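Residues in the sequence shown are numbered consecutively from 1, following this note's numbering. Report on the following structure.
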Amino acid sequence: MKQIVLISLMVLSLPFPLKGEYLIKIPYPLEKQQEIEKMNLNLRYVGKDFCLFSASAELMVKIPDTYTILGSYSEEEEIFFVWVKKPEDLGVIRKYGQVLYFFNQTAIIKGKIEEIIKLSEQGFKLKLLPERIPWSEQVKYFTPAIRFKSSAEETADTQIIKEILQNFTTTQYVEYIQYLQGLETRYSFSPKIQETKDYLVNKFQEFGLSVSTFPFALKYNNQDYTLYNVIATLSGETTPKKEYILCAHYDSTVDNPYDPMVSAPGADDNASGISALLLAAKYLSQKKFNSTIKFVCFAGEEQGMKGSQSYAKEMYNQG
Numbered sequence: 001m002k003q004i005v006l007i008s009l010m011v012l013s014l015p016f017p018l019k020g021e022y023l024i025k026i027p028y029p030l031e032k033q034q035e036i037e038k039m040n041l042n043l044r045y046v047g048k049d050f051c052l053f054s055a056s057a058e059l060m061v062k063i064p065d066t067y068t069i070l071g072s073y074s075e076e077e078e079i080f081f082v083w084v085k086k087p088e089d090l091g092v093i094r095k096y097g098q099v100l101y102f103f104n105q106t107a108i109i110k111g112k113i114e115e116i117i118k119l120s121e122q123g124f125k126l127k128l129l130p131e132r133i134p135w136s137e138q139v140k141y142f143t144p145a146i147r148f149k150s151s152a153e154e155t156a157d158t159q160i161i162k163e164i165l166q167n168f169t170t171t172q173y174v175e176y177i178q179y180l181q182g183l184e185t186r187y188s189f190s191p192k193i194q195e196t197k198d199y200l201v202n203k204f205q206e207f208g209l210s211v212s213t214f215p216f217a218l219k220y221n222n223q224d225y226t227l228y229n230v231i232a233t234l235s236g237e238t239t240p241k242k243e244y245i246l247c248a249h250y251d252s253t254v255d256n257p258y259d260p261m262v263s264a265p266g267a268d269d270n271a272s273g274i275s276a277l278l279l280a281a282k283y284l285s286q287k288k289f290n291s292t293i294k295f296v297c298f299a300g301e302e303q304g305m306k307g308s309q310s311y312a313k314e315m316y317n318q319g
């Protein structure tokens with residue numbers, strides 16, 4: 001009976017339910033970093049004085065360090081940094097999301113992205129909190145070693161650049177932009193986004209590149225949508241596992257990224273970037289390189305960089 005009573009007291013003393021995901025704050029530098037790393041917590045932010053992690057309730061009780069629970073969140077909610085210019089701005093921010101923490105004129109808020117994004121229309125600067133970032137050791141591992149090129153390599157690179165520039169014309173660049181803006185909209189939830197995706201696939205195939213699409217889910221008005229990143233690959237000759245990525249987003253928006261009915265030709269956001277990517281693919285595909293080059297066109301950027309986030313997460317999981 002004593003044991004049962006003791007267990008009951010322990011359960012009742014927990015400050016949170018044993019379900020769901022939580023955003024927690026741990027002072028930085030971490031006193032027990034090695035133990036925390038082994039727990040495989042989702043590291044989401046590293047600042048001057050603290051780190052942010054996502055963790056389940058089951059994992060939190062095992063954390064060997066002092067931490068503060070900022071709040072729980074659901075799969076339908078996102079977490080953002082919002083820059084605050086004056087104290088009264090917090091009242092406005094609370095209309096669109098729940099403030100979890102405030103520091104150095106920065107609010108950490110959670111809520112549905114279609115609501116939080118409305119703050120940008122009122123002049124607030126937003127930044128989506130990454131779902132996961134690597135530990136410092138992993139960052140160092142992925143950082144390429146600095147190596148100075150030989151004079152022969154420099155000469156070869158210069159020659160390739162000269163050849164490309166000799167063939168380059170602004171006419172083709174403008175044609176790409178005009179086609180994309182001529183679609184009238186490339187909103188993530190409009191039929192035109194699929195037409196844009198097909199256009200990009202066809203163009204990359206015309207250049208002789210291997211093309212694939214990367215699907216990811218996005219929700220709007222309680223309806224699930226499937227969007228696609230477009231990936232064109234120019235395989236390397238000698239070190240194909242070493243990859244360079246050129247990327248841009250192809251969706252567009254005007255004012256509200258969750259209103260697909262408004263005209264959004266998006267010449268400078270981001271038809272210009274996608275057109276530059278197409279031109280790079282067209283001319284680089286005519287050359288051979290030691291390493292692999294990937295040309296990646298992201299969708300869902302205007303809804304919080306969802307396409308690039310999904311792609312980066314998949315690449316991270318693949319190691």
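A virtual CB, placed ideally from N, CA and C, is assigned to each residue, including glycine. Everything numeric in this text was worked out from a predicted model, so none of it was measured.
Determine the burial state of residue i: buried for a count of at least 16 other Cβ atoms within 10 Å of its Cβ, exposed for fewer.
{"i": "Lys48", "result": "exposed"}
{"i": "Thr196", "result": "buried"}
{"i": "Gly182", "result": "exposed"}
{"i": "Leu165", "result": "exposed"}
{"i": "Ile161", "result": "exposed"}
{"i": "Asn104", "result": "exposed"}
{"i": "Asp198", "result": "exposed"}
Note down the Cα distance separating residue i from residue j, rounded to an integer number of angstroms.
{"i": "Glu58", "j": "Lys86", "result": "38 Å"}
{"i": "Gln194", "j": "Ile274", "result": "15 Å"}
{"i": "Leu246", "j": "Val61", "result": "42 Å"}
{"i": "Ala217", "j": "Glu243", "result": "26 Å"}
{"i": "Glu88", "j": "Glu115", "result": "19 Å"}
{"i": "Leu123", "j": "Asp224", "result": "Note that residue 123 is Gly in the sequence shown here, rather than Leu. Approximately 29 Å between the Cα atoms of the pair."}
{"i": "Ile213", "j": "Thr66", "result": "This sequence places Thr at residue 213; Ile is not what is there. Taking the straight line from one Cα to the other gives about 43 Å."}
{"i": "Asp269", "j": "Lys241", "result": "32 Å"}
{"i": "Ala276", "j": "Glu37", "result": "40 Å"}
{"i": "Ala55", "j": "Lys25", "result": "11 Å"}
{"i": "Met315", "j": "Pro215", "result": "14 Å"}
{"i": "Leu320", "j": "Gln178", "result": "Past the boundaries of the shown model lies residue 320; the chain is included only from 1 to 319, so the question cannot be answered."}
{"i": "Leu209", "j": "Leu41", "result": "38 Å"}
{"i": "Lys219", "j": "Gln159", "result": "48 Å"}
{"i": "Leu234", "j": "Ala267", "result": "27 Å"}
{"i": "Leu90", "j": "Phe50", "result": "22 Å"}
{"i": "His249", "j": "Leu180", "result": "12 Å"}
{"i": "Lys32", "j": "Ser252", "result": "44 Å"}
{"i": "Asn317", "j": "Met39", "result": "16 Å"}
{"i": "Val82", "j": "Leu30", "result": "25 Å"}
Could you round the C-beta distance between residue i and residue j to whole angstroms and report it? I think they count as a contact, below 8 Å.
{"i": "Phe298", "j": "Ser308", "result": "5 Å"}
{"i": "Ala281", "j": "Phe207", "result": "5 Å"}
{"i": "Val75", "j": "Gly111", "result": "Sequence check: residue 75 is Glu here, not Val. With a Cβ gap of about 13 Å, Glu75 and Gly111 do not count as contacting."}
{"i": "Ser285", "j": "Thr239", "result": "Not confirmed; about 18 Å, so no contact."}
{"i": "Gly300", "j": "Leu227", "result": "5 Å"}
{"i": "Ile113", "j": "Gln98", "result": "Going by Cβ atoms, the distance from Ile113 to Gln98 rounds to 13 Å, so no, they are not a contact pair."}
What residues in its chain sit with their C-beta under 6 Å from that of residue i, if we drop five residues either side in the sequence?
{"i": "Val254", "result": "Val262, Ala264"}
{"i": "Val211", "result": "Val201, Phe204, Gln205, Ala232"}
{"i": "Tyr45", "result": "Leu52"}
{"i": "Leu278", "result": "Tyr176, Lys203"}
{"i": "Tyr283", "result": "Ile164"}
{"i": "Phe289", "result": "Gly236"}
{"i": "Thr68", "result": "Lys25"}
{"i": "Lys192", "result": "Leu183, Thr185, Arg186"}
{"i": "Lys306", "result": "Leu218, Gly300"}
Quick one: residues in its chain with C-beta nearer than 8 Å to the C-beta of residue i, no 5 flanking neighbours on either side, listed in chain order?
{"i": "Lys313", "result": "Glu131, Arg132"}
{"i": "Asn222", "result": "none"}
{"i": "Ser320", "result": "Residue 320 cannot be examined here, being either before or after the span of the chain that is shown, 1 to 319."}
{"i": "Lys2", "result": "Bear in mind that a pLDDT of 32 at Lys2, under 50, signals an unreliable position, so the model cannot answer this."}
Please state whether the Cβ-Cβ distance between residue i and residue j is less than 8 Å.
{"i": "Phe204", "j": "Leu128", "result": "no"}
{"i": "Thr106", "j": "Val92", "result": "no"}
{"i": "Tyr101", "j": "Leu70", "result": "yes"}
{"i": "Glu302", "j": "Ser188", "result": "yes"}
{"i": "Asn229", "j": "Tyr173", "result": "no"}
{"i": "Glu35", "j": "Pro64", "result": "yes"}
Return yes when at least one heavy atom of the ligand GTP lies under 7 Å from the C-beta of residue i, else no.
{"i": "Ala107", "result": "For the ligand GTP, the structure offers nothing, since it holds no ligand at all."}
Given residue i, which residues of its chain have a CB within under 7 Å of its CB, disregarding the five upstream and five downstream residues?
{"i": "Phe23", "result": "The displayed chain sequence assigns Leu, not Phe, to residue 23. Hits under 7 Å: Leu52, Ser54, Leu70, Gly71, Tyr73, Ile79, Leu100."}
{"i": "Tyr96", "result": "Gly111, Glu115, Ile116, Lys118, Leu119"}
{"i": "Arg94", "result": "none"}
{"i": "Lys287", "result": "Ile160"}
{"i": "Leu43", "result": "Cys51, Phe53, Arg132, Ile133, Trp135"}
{"i": "Thr170", "result": "none"}
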